[in-house]
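Student:
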Amino acid sequence: HFAAEEKPHLPFPTESRCGLPLHVCSRFQTVLQGTNQWRYRGRCDSIQFIVDRRIFVAGYGLYGSSTGQSRYNEINNIFLHFAAEEKPHLPFPTESRCGLPLHVCSRFQTVLQGTNQWRYRGRCDSIQFIVDRRIFVAGYGLYGSSTGQSRYNVRMELKKGQEVLGSIQGPLYSSGFPEPQPLLFHHPIQIDADIQYTASVTMEGNQLSHFGQEGMSEVVVLVKNHGRKNDSEEYVNFFFTPSADSKNGTGVQGGQIPQILFYA
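Counting along the sequence shown from 1, when you hit position 13 you're at 13 in full-length UniProt numbering, and nothing is skipped either side.
1. For Asn77, which of helix, strand or coil comes out of DSSP?
2. Compute the Euclidean distance between the alpha carbons of Lys7 and Phe79, then round it to the nearest angstrom.
3. Where Arg41 and His186 are concerned, what is the direct C-alpha to C-alpha distance, given to the nearest angstrom?
4. Taking DSSP's pairing of strands, which residues face Met156 in a bridge?
5. What's the C-alpha gap between Gly141 and Glu234?
6. Short of 6 Å in beta carbon distance, which residues of its chain neighbour Gly161, apart from the five on each side in sequence? Order them along the chain.
7. Taking buried to mean at least 16 other C-beta atoms within 10 Å of its own C-beta, is Asp194 buried or exposed?
8. By the 10 Å Cβ neighbour count, where 16 or more other Cβ atoms means buried, how is Pro171 classified, buried or exposed?
9. Is the beta carbon of Ile127 less than 9 Å from the beta carbon of Ala199?
10. Does DSSP put Ala84 in a helix, a strand or coil?
11. From Phe108 to Leu90, what does the alpha carbon distance come to, in whole angstroms?
12. Just checking, does the stretch 208-222 make contact with the stretch 74-88 on the three C-beta pairs under 8 Å criterion?
13. Assign Ile257 to one of three DSSP states: helix, strand, or coil.
14. Measuring CB to CB, does Pro258 end up less than 9 Å from Pro180?
15. Give me the Cβ distance between Val201 and Met156, rounded to the nearest whole Å; I'm assuming they're in contact under 8 Å.
16. Out of Tyr152, Ser150 and Ile168, point me to the one whose CA is closest to Leu158's CA.
17. With 16 as the cutoff for other CB atoms within 10 Å, does Ser175 come out buried or exposed?
18. Using 10 angstroms around the beta-carbon of Gly255, count the other beta-carbons present and answer buried if the total reaches 16, otherwise exposed.
19. Determine which residues share a DSSP beta bridge with Asp125 and list them.
20. Closest to Phe92 by CA distance: which of Val104, Ala83, Pro101 and Glu74 is it?
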């Protein structure tokens, strides 16, 4: 009734003014006495109950009932599933999706801080990588200032050859700590196995920054697939190589772009 454009007949009043038994008794021209107030109180509570919970089924009602893809009893059962304590059986999964966990590929073993001389200065830091299975890159973890709080203007890209698969431009706020700060693309970007991709970052700022050392050319990331049988464990292998686009000193052994954030 509340969600669909074509509203079915209901065997009780549906006006929103029936919040009190007094109004209901008056509309039905019934003597105002205790038994009649109690008689119509159930109708008032039912209407109010539906009004408070109609948001749960509004979208489904507009789609399902108008297109004929769901029968009214199915819509009623879906409503009861969200609103009632005793929930009816539904012919499809009702467990909440937990979502995919965000995984981190960290390519440096140590980070240098304090008396380093690394600056961004608006030059490109870049690294190439290959993975051995399909993943979805969500963004990068980036080093910030090593001298305290600061703000950088960042342009971040992910390319396959010369094709830009995704880019984002915006601020990155640094607290001065050596932990990488996450910066995400607008949408995760699909990465296929055995194809070379380039991660690039251009940051504008004059502050001294942290930078990674003891970089690894191969990184193995454990991926736990929650929701599958026995919560199976798998691995994603990253292989890093230098990029010709890197103009600020970043390479496999050291530099910037310490983390690649991804879903698998």
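Ideal placement from N, C-alpha and C gives every residue a C-beta, glycine not left out.
Computed from a predicted model, the values in this text were never measured in an experiment.
Tutor: Put simply:
1. Against the sequence shown, residue 77 aligns to sequence position 77. Helix, per DSSP.
2. Within the sequence shown, the letter at position 7 stands for residue 7. Within the sequence shown, the letter at position 79 stands for residue 79. If you take the alpha carbons of Lys7 and Phe79, they lie about 15 Å apart.
3. Position 41 of the sequence shown, counting from 1, holds the residue named residue 41. Position 186 of the sequence shown, counting from 1, holds the residue named residue 186. Interpretation of Arg41 is limited by its pLDDT of 43, a score under 50 that renders its predicted location unreliable; no figure is taken from the coordinates.
4. The residue you call residue 156 lines up with position 156 of the sequence shown. DSSP lists Ile168 and Val201 as partners of Met156.
5. In the sequence shown, counting from the first residue as 1, residue 141 sits at position 141. In the sequence shown, counting from the first residue as 1, residue 234 sits at position 234. Each residue's Cα considered, the two are about 23 Å apart.
6. The count along the sequence shown starts at 1 and reaches residue 161 at position 161. Result list for Gly161: empty, nothing under 6 Å.
7. Start at 1 with the first residue of the sequence shown, and residue 194 comes out as number 194. By the 10 Å Cβ count, Asp194 comes out exposed.
8. Residue 171 sits at position 171 when you count from the first residue of the sequence shown. Exposed, since its Cβ has fewer than 16 Cβ neighbours within 10 Å.
9. The residue labelled residue 127 in the question sits at position 127 within the sequence shown. The residue labelled residue 199 in the question sits at position 199 within the sequence shown. Result yes, Cβ atoms of Ile127 and Ala199 sit closer than 9 Å.
10. Numbered from 1 along the sequence shown, position 84 holds the residue referred to as residue 84. In the structure shown, Ala84 sits in coil (DSSP, three-state: anything other than H, G, I, E or B).
11. Taking the first residue of the sequence shown as 1, we reach residue 108 at position 108. Taking the first residue of the sequence shown as 1, we reach residue 90 at position 90. Those two C-alpha atoms are separated by around 49 Å.
12. no
13. The sequence position of residue 257 within the sequence shown is 257, counting from 1. In this structure, Ile257 counts as coil in the three-state DSSP scheme.
14. Within the sequence shown, residue 258 is the residue found at index 258, counting from 1. Within the sequence shown, residue 180 is the residue found at index 180, counting from 1. Yes, the pair counts as a contact, with Cβ atoms nearer than the cut-off.
15. If you number the sequence shown from 1, residue 201 lands on position 201. If you number the sequence shown from 1, residue 156 lands on position 156. Sure, about 5 Å apart at Cβ, within 8 Å.
16. Locating residue 158 in the sequence shown gives position 158, counting from the first residue. The shortest C-alpha separation from Leu158 is found at Ile168.
17. As a first step, residue 175 is located in the sequence shown; it is residue number 175 there, counting from the start. By the 10 Å Cβ count, Ser175 comes out exposed.
18. Position 255 of the sequence shown, counted from the first residue, corresponds to residue 255. So Gly255 ends up on the buried side.
19. As a first step, residue 125 is located in the sequence shown; it is residue number 125 there, counting from the start. Paired residues: Val201.
20. Translated into positions along the sequence shown, residue 92 becomes position 92. Residue Glu74 is the option with its Cα nearest to Phe92.
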